[in-house]
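So the sequence shown is numbered by this note's numbering: it starts at 996 and just counts up by one.
Idealized CB from N, CA, C, for every residue including glycine.
Bear in mind that the values here come from a model prediction, so they are computed numbers and not experimental data.
Notes follow once the structure below has been shown.
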Amino acid sequence: MLYEKYGLVNTTNMFGDALARHYAVGAFNFYNLETFAAILGAARQTKSPIILAVSESALKYISDDMLMAIVGGAHITPDENVALHLDHGHSFEACAQAIDLGFSSVMIDASNLPFDENVALSARVVEYAHAHGVSTEAELGTLRGREDENTFSDTELYTNPSDAADFVEKTGVDSLAVAIGTSHGAYKMKSDKQELRFDILAKIMNYLPNFPLVLHGASSIPQQFIQTINENGGEIKNALGIPTDQLQRAASTTNICKINVDSDSRLAFTATIRKKLAESPSNFNPRDYLAAAMETVYANTMYEIINIMGSAH
């Protein structure tokens, strides 16, 4: 298994422990050296399992060799419980490429396809992944919103609970991303009183007891970052995330054992850079503002590991 060369693990044991001890593992997307170091550093400080998530577009941006060089340079050990995960792979080829690079977990996202086609493609990825000891995730249902140029939808379709059980049986997937009201991007909720569909989640759990479920589009969109961005030349209006108490409920009382966070880190990073450059317009040393941005992402990741995921040890 190539990922063992990098000290990585797949998600099998970490999800089993999360289900048994009622917490969720955070899957934090990164895009460069700074966000990688901040997220991994927060996991190490809290002794938390962590999933380092990379989208297809982020992988293209960083490049294959550079990404794996960064991972290798971190000197990760298996006892740290770190998985490297392909987020929203949209083809067999994308998932196979990640596995061949040394990823320990892959998501095949064929949720935009008809059910039978989603099953067929997901099952093909599962077969290849399991032959390499890699864990797999698929998605059933559709989340609205935009994550990047590869992951977006204008429609929302909740996961059908009975279809979920059928899907897992036919594909052999190790975890399932479900649609219960989360969404991609910074505009997830119309008001802070909007509720996730825990009733649908309960039905899915009845069909799939003790099976690892995943929440995508689950950033909380900290309002202090929105305020800082807008006070320093940005224009992000009326952005609302998933309320923290609902994420805590999902992590501690349901089978949700993986919660994806992307927008929060982007906002933390951007807010700090905007503020630092506004405070010192003559500064053109990237090390100054990038180091500050990295520290903000580190602190926010620490907060979410402890207060949302409940995965700190």
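- Contact between the region 1199 to 1209 and the region 1155 to 1169 is present: 3 or more CB-CB pairs across the two stretches fall below 8 Å.
- For the pair D1059 and A1019, the Cα-to-Cα distance works out to about 29 Å.
- Cα atoms of G1067 and Y1001: separation of roughly 6 Å, rounded to the nearest angstrom.
- A Cβ-Cβ separation of about 5 Å places K1270 in contact with N1227 under the 8 Å criterion.
- Just so you know, the alpha carbons of E1051 and F1279 end up roughly 31 Å apart.
- Note: V1209 is bridge-paired with A1172 and K1253 in the DSSP secondary-structure output.
- Here the C-alpha atom of N1255 lies approximately 25 Å from the C-alpha atom of M996.
- Unbroken beta strand (DSSP E) runs of no fewer than 3 residues, entirely contained in the region 1019 to 1049, are found at 1020 to 1024, following chain order.
- Judged by DSSP secondary structure, H1083 falls within the beta strand (DSSP E) whose first and last residues are V1077 to G1084.
- Of the residues assessed, M1289 falls on the buried side of the cut-off, its CB having 16 or more other CB atoms within 10 angstroms.
- Buried is the label assigned to A1234, since at least 16 other Cβ atoms lie within 10 Å of its Cβ.
- With three or more CB-CB distances shorter than 8 Å, the region 1077 to 1093 counts as touching the region 1003 to 1012.
- For the pair C1090 and Y1298, the Cα-to-Cα distance works out to about 31 Å.
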